[in-house]
Structure formats: structure tokens, C-alpha cells
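In UniProt numbering, the protein residues as written are 1 to 98. C-beta atoms are modelled at their ideal positions from N, C-alpha and C, and glycine is treated no differently. Here is the structure we will look at, set down as C-alpha cells.
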């Protein structure tokens, strides 16, 4: 399963937040997936898709949306659940599911 998301912060900082969501069992798609049977936070992998120098949040959202479409990460095929313009600097994936 794959999730695509954008952030203005460092990828390392954002990935740590996702890991905390899993450890704390927060009700979020990534947490629910990695807390499911046969998964653990160590199965999580992060890849940079693109680095955007433009500081515009809107531009990042458009790029995120394009990556969600390209990689077909909208639920139920992936972990993206928001039905809005949303993606990308990074791709979070489950190594076990690939």
C-alpha cells in the first residue's frame, strides 16, 4: 500500500510524525494500516518523489494530487483518503505489501 503526501517541513520530521501516529495508534489511515495484522512500523518506507522549491502551498497540493493520480494511491488502492487536491514531496509505502 502506498500513501502520497506533501509537506513544507523536512521529510524526516514528517516521517517521524507518521511513525508516532502508528506507535500511538491514532485513528489515521497510515496508523490503521501499519497496526493491522502482519504489519509493524519497521515495515514503513519513505521515498522522495520530488522536492519543490516553490513555497506556494497551493502548488504543492496540485503536485500532490498529480502524484496521487499517477500512482493510484486513492483508497481503496492506496492509503490516501482525502478527496481533495493533496500530494507530494514523498511517498510512504509498506514494504511488506509491495
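message: At the level of alpha carbons, what is the spacing between residue 74 and residue 44?
response: C-alpha separation (whole angstroms): 18 Å.
- prompt: Which class does residue 63 belong to by DSSP, given the choice of helix, strand or coil?
  reply: Looking at residue 63 - three-state DSSP - the assignment turns out to be helix.
task: Could you tell me the boundaries of the alpha helix (DSSP H) in which residue 31 lies?
output: Residues 29–34.
Nearest-angstrom beta carbon gap, residue 11 and residue 48 [assumed within contact, 8 Å]: About 6 Å separates the two Cβ atoms, so the contact holds.
- prompt: Looking at the unbroken beta strand (DSSP E) that takes in residue 4, where does it start and where does it end?
  reply: Here the beta strand (DSSP E) through residue 4 covers 2–5.
message: Comparing C-alpha positions only, which one of 8, 3, 2, 76 sits nearest to residue 53?
response: Ranking 8, 3, 2, 76 by Cα distance to residue 53 puts 8 first.
- request: Apply the 10 Å Cβ neighbour rule to residue 59 and answer buried if 16 or more other Cβ atoms are within range, or exposed otherwise.
  value: Exposed, because fewer than 16 other Cβ atoms sit within 10 Å of the Cβ of residue 59.
query: Can you tell me the Cα-Cα spacing of residue 37 and residue 51, whole angstroms?
result: Rounded to whole angstroms, the separation of the alpha carbons of residue 51 and residue 37 is 33 Å.
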